[in-house]
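These notes are about the structure you will find just below.
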Amino acid sequence: MDTCAQLVILTLAAGTPLVFAALGELVVEKAGVLNLGVEGMMLTGAVASFIVTADTHSPWLGVGAGALAGAALSLVFAVIALTLLANQVATGLALSLFGVGLSAFVGRGYISVVIEGIKPLSIPGLSDAAIVGRLLFGHNPMVYLSLALFVAVQWFLHRTRTGLVLRAVGESPASAHAIGHRVIALRYAAVLFGGACAGLGGAYMAVAYTPSWAEGMTAGRGWIALALLVFATWKPWRVLAGAYLFGGVTLAQFQAQAAGVAIPSQLLAMLPYVATIVVLAIISRDATTIRLNAPASLGRPFHPE
Amino acid sequence: MSAAAIPPEVRMRPRLALRGITKAYPGVVANDRIDLDVLPGEIHAVLGENGAGKSTLMKIIYGVVKPDAGTMQWEGQAVRIASPAQARRLGLGMVFQHFSLFETLTVAENIALALDAAEAGSGLPAKIRDVSRRYGLTLDPARLVHAMSVGERQRVEIVRCLLQAPRVLIMDEPTSVLTPQAVLRLFDTLRRLADEGCSILYISHKLDEIRALCHRATVLRAGRVTGECDPRRETAAALARMMIGAELPHPRHRPPVAGAPALVVDGLDLRPDDPFGTTLRSVSLTLRAGEIVGIAGVSGNGQRELLAALSGERRVARRNAVVLCGTAAGRLGAAQRRSLGLAFVPEERLGRGAVPEMSLADNALLTARHRGLVSHGLIRADAARSRAAEIIASWNVKTAGPEAAARSLSGGNLQKFIVGREILQGPRVLIAAQPTWGVDVGASAQIRQALIDLRDAGVAVLVVSEELEELIETCDRLAVIAQGRLSPARPVAETNAEEIGLLMAGSAATPERTAAARRP
Chain A
28 MDTCAQLVIL TLAAGTPLVF AALGELVVEK AGVLNLGVEG MMLTGAVASF IVTADTHSPW
88 LGVGAGALAG AALSLVFAVI ALTLLANQVA TGLALSLFGV GLSAFVGRGY ISVVIEGIKP
148 LSIPGLSDAA IVGRLLFGHN PMVYLSLALF VAVQWFLHRT RTGLVLRAVG ESPASAHAIG
208 HRVIALRYAA VLFGGACAGL GGAYMAVAYT PSWAEGMTAG RGWIALALLV FATWKPWRVL
268 AGAYLFGGVT LAQFQAQAAG VAIPSQLLAM LPYVATIVVL AIISRDATTI RLNAPASLGR
328 PFHPE
Chain B
6 MSAAAIPPEV RMRPRLALRG ITKAYPGVVA NDRIDLDVLP GEIHAVLGEN GAGKSTLMKI
66 IYGVVKPDAG TMQWEGQAVR IASPAQARRL GLGMVFQHFS LFETLTVAEN IALALDAAEA
126 GSGLPAKIRD VSRRYGLTLD PARLVHAMSV GERQRVEIVR CLLQAPRVLI MDEPTSVLTP
186 QAVLRLFDTL RRLADEGCSI LYISHKLDEI RALCHRATVL RAGRVTGECD PRRETAAALA
246 RMMIGAELPH PRHRPPVAGA PALVVDGLDL RPDDPFGTTL RSVSLTLRAG EIVGIAGVSG
306 NGQRELLAAL SGERRVARRN AVVLCGTAAG RLGAAQRRSL GLAFVPEERL GRGAVPEMSL
366 ADNALLTARH RGLVSHGLIR ADAARSRAAE IIASWNVKTA GPEAAARSLS GGNLQKFIVG
426 REILQGPRVL IAAQPTWGVD VGASAQIRQA LIDLRDAGVA VLVVSEELEE LIETCDRLAV
486 IAQGRLSPAR PVAETNAEEI GLLMAGSAAT PERTAAARRP
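Line by line, the protein sequences are chains A and B. Count the first sequence with the working numbering and you get residues 28 to 332, in order. Count the second sequence with the working numbering and you get residues 6 to 525, in order.
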């Protein structure tokens with residue numbers, strides 16, 4: 028029974044970086060902006076949080092620094108793509124490459140540094156009680172933060188007026204502008220939010236999940252987050268499910284490697300990526316769902332008048 | 006007329022006054038020193054053909070576009086309207102020609118977006134039902150817009166404006182998407198609004214409608230005011246003279262000499278690729294050599310799907326569902342159908358009819374590969390250029406020359422070029438979709454005449470259009486498409502606008518009627 032609870036906890040832990048990054052990018056794309064720089068923003072967030080944690084010994088300060096670093100990088104994207112109207116795909120790709128390089132450069136001196144990261148909750152009497160106690164109270168605090176983010180994004184998009192305006196801007200910025208909404212300002216806000224979330228995803232990996240710093244430690248999760256959105260047809264709960272599927276298969280492939288299964292480890296390491304995309308691609312083939320949820324203006328620059 | 010109910014001194018002072026409004030775009034002055042007065046409670050027409058500057062002027066009033074010069078007065082006070090939000094706060098409402106609705110949102114969400122946060126609370130659906138009942142505009146607030154017909158979408162736009170209790174309502178070409186019956190219903194609503202004191206700015210190029218509805222008309226031509234009048238006292242010919250500076254041209258007609266069937270569609274069923282599209286249901290049509298058949302209908306009733314199935318962009322499962330010049334063509338692609346003698350003028354000029362960035366010479370080449378412009382896979386550039394020059398000369402296309410990019414041409418000139426290119430193929434069947442949409446009167450007349458001449462030369466011509474008058478004027482037989490079904494084609498002489506309008510609204514099972522039946 029105990030291993031069962033452990034498996035759930037580890038699955039959520041492995042899927043959480045994707046939850047952060049993909050939910051942030053979900054808001055960005057719902058506003059009609061395609062920021063392909065998620066991987067770069069995650070790594071920048073990871074290195075910033077690790078450095079701040081190592082220097083201040085406060086992992087929560089580090090998490091804040093990670094979010095800020097992600098947002099700062101996304102601001103660069105916003106200025107180039109939203110104000111200067113550069114091609115969003117090219118700008119996003121450049122941002123990813125830049126973020127990868129920048130994080131590697133800044134983090135050179137921290138590769139074998141050991142830090143005290145954020146530990147899973149341990150509330151006496153609850154977290155160690157029965158299986159239910161462990162499932163409810165045994166996760167890393169940042170996992171709860173990601174779940175709160177999920178609820179907040181879902182609520183924001185479908186229950187608030189600003190969320191409604193955001194979806195409208197994503198479908199038709201010209202119409203939204205014509206009825207008097209501030210398209211560019213809203214897109215800026217969405218891009219910054221997405222950057223902060225990607226930064227949080229990176230920070231989670233650096234100060235809670237591993238905790239350590241290694242070059243390129245997000246290992247393509249930023250790209251998977253982008254793919255996840257498409258195959259989850261921009262629905263938050265499907266993003267969550269896809270992220271945990273990814274986490275579960277990641278876990279399974281670690282177990283298989285540990286058990287010495289006679290499959291090359293490189294092939295096993297591919298599994299989470301392949302499984303996530305195949306499963307989501309199969310469940311998201313309904314064209315009407317895609318049309319209703321995909322932001323129609325995605326990636327197209329908008330200039331008022 | 007309840008206009009008498011309003012005291013004369015209030016009626017005299019314009020609610021909205023424009024003085025010297027000027028707006029220039031690169032290469033064209035859209036508005037040149039325009040003066041306009043709108044009185045309380047009047048229906049004021051702004052009349053002009055496509056490109057006269059009507060839409061630009063309305064966008065300036067509504068704060069979407071900033072004028073280069075000129076002043077505006079609202080209730081006697083000088084104002085500068087910087088944004089649509091400010092225009093709405095003043096009491097201006099606008100129903101756009103191309104709707105500003107969001108397809109993936111519901112009616113209530115669409116309306117909430119245009120209101121202030123305070124008004125868009127939880128009581129909104131009830132308010133929507135209330136206003137829609139009061140003005141006879143049936144609407145279900147919970148429906149998603151993408152599933153609605155164009156007429157219903159227009160109702161959403163109107164209700165959205167009415168909820169803000171506007172004092173000036175701008176209607177930009179509101180009837181271009183409506184059936185003749187729906188137009189009458191819209192007029193009732195507008196008259197009721199005007200009686201309540203709301204001013205209406207009614208933008209149109211349709212003379213009969215303006216004469217039936219409006220109290221006053223300001224006529225624009227090439228960005229300038231060319232006249233102001235009471236349209237109820239003017240003849241259509243007099244209005245046309247003010248609008249285009251000449252009499253309305255009428256095409257020459259000869260009795261049709263229909264020959265052998267050139268295009269036969271037999272029981273065509275087709276599911277659309279686009280989930281928001283229309284399913285075609287057993288569409289049948291026989292088009293003979295030497296006749297023009299028109300397909301009328303409100304857009305979004307299957308025209309796009311039918312045209313794709315006819316042009317070959319979409320292949321159909323059954324080979325015999327489309328027979329082109331005696332060959333079962335259902336499974337053939339567009340190029341194969343073209344080599345059988347099909348020519349096609351699509352609705353979207355830029356992007357489908359022509360490649361915007363490419364030169365006219367290259368565009369001429371694209372549909373004429375087998376006519377000496379290509380040898381051994383290499384382009385014969387001089388042949389393509391002279392082909393383009395030939396089209397430009399014979400159609401009097403205004404352009405810098407064969408090397409000009411398609412994008413640089415005005416709508417009318419590009420359309421002339423595309424029609425000319427297709428006719429030069431020497432087709433046996435020509436399909437034209439919305440051939441004169443957004444085209445000025447002169448070019449429209451030229452294109453219609455070319456279609457008629459083509460018919461007289463023995464070509465089978467199919468015209469798909471939303472402009473009923475155009476179809477009645479040019480076609481020999483008319484069919485109506487509604488909800489993916491095509492009515493039998495009937496000789497134009499044996500039918501009339503009312504009858505066609507009823508067919509356009511669909512059979513007994515139209516959404517409008519079921520909605521009306523559900524009402525207590």
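For every residue, glycine included, the Cβ atom is placed at its ideal position computed from N, Cα and C. These figures come from a predicted structure and were not determined experimentally.
Residue-chain proximity (residue i, chain A), Cβ-Cβ < 9 Å
i	result
residue 29 of chain B	no
residue 107 of chain B	yes
residue 91 of chain B	yes
residue 118 of chain B	yes
residue 7 of chain B	Here residue 7 of chain B scores only 46 on pLDDT, less than 50, and its place in the model should not be relied on; the value that follows carries that caveat. No, residue 7 of chain B does not count as interfacial toward chain A.
residue 279 of chain B	yes
residue 101 of chain B	yes
residue 114 of chain B	yes
Residue i, DSSP secondary structure in three states
i	result
residue 76 of chain B	strand
residue 120 of chain B	coil
residue 181 of chain B	coil
residue 130 of chain A	helix
residue 287 of chain B	strand
residue 82 of chain B	strand
residue 523 of chain B	Any reading at residue 523 of chain B needs caution, since the residue's pLDDT is 35, under 50, leaving its predicted position unreliable; the model's value is listed next. If DSSP states are grouped into helix, strand and coil, residue 523 of chain B belongs with the helices.
residue 141 of chain A	coil
residue 514 of chain B	Unreliable positioning characterises residue 514 of chain B in this predicted model, as indicated by a pLDDT of 36, which lies under 50. The coordinate reading is nonetheless provided below. Reduced to three states, the DSSP call for residue 514 of chain B is coil.
residue 325 of chain B	helix
residue 271 of chain B	strand
residue 470 of chain B	coil
residue 299 of chain B	strand
residue 62 of chain A	coil
residue 290 of chain A	coil
residue 401 of chain B	coil
residue 8 of chain B	Confidence at residue 8 of chain B is low in this model, with a pLDDT of 46, below 50, so the placement of that residue is unreliable and no value is reported for it.
residue 30 of chain B	strand
residue 444 of chain B	coil
residue 127 of chain B	coil
residue 167 of chain A	coil
residue 63 of chain B	helix
residue 25 of chain B	strand
Spatial neighbours of residue i in its chain, beta-carbon cut-off 8 Å, leaving aside the 5 residues before and after
i	result
residue 453 of chain B	256, 440, 441, 475, 478, 479
residue 89 of chain B	67, 68, 69, 99
residue 316 of chain B	339, 342, 347, 349, 351, 436
Residues bridged to residue i [DSSP beta-bridge criterion]
i	result
residue 491 of chain B	B:486
residue 362 of chain B	For residue 362 of chain B, which the question treats as bridged, DSSP gives no partner whatsoever.
residue 226 of chain B	B:229
residue 465 of chain B	B:434
Residue i beta carbon near the ligand PLP (any heavy atom closer than 8 Å)
i	result
residue 404 of chain B	You won't find the ligand PLP in this model; it holds no ligand whatsoever.
Proximity test, Cβ basis, 9 Å: residue i and chain B
i	result
residue 195 of chain A	yes
residue 210 of chain A	no
residue 207 of chain A	yes
residue 330 of chain A	no
residue 106 of chain A	no
residue 319 of chain A	yes
residue 198 of chain A	yes
residue 315 of chain A	yes
residue 204 of chain A	yes
Cβ-Cβ separation, residue j to residue i (assumed contact under 8 Å), whole Å
i	j	result
residue 79 of chain A	residue 89 of chain A	4 Å
residue 83 of chain B	residue 67 of chain B	At roughly 17 Å, the Cβ-Cβ gap does not stay under 8 Å, so residue 83 of chain B and residue 67 of chain B are not in contact.
residue 263 of chain A	residue 34 of chain A	So it is not a contact: roughly 24 Å between Cβ atoms.
residue 145 of chain A	residue 168 of chain A	6 Å
residue 317 of chain A	residue 311 of chain A	7 Å
Close Cβ partners of residue i (< 7 Å) along its chain, the five nearest in sequence each way excluded
i	result
residue 269 of chain B	291, 328
residue 18 of chain B	81
Residues near residue i in its chain [Cβ-Cβ closer than 6 Å; skip 5 each side]
i	result
residue 92 of chain A	75, 76, 79
residue 122 of chain A	64, 67, 104
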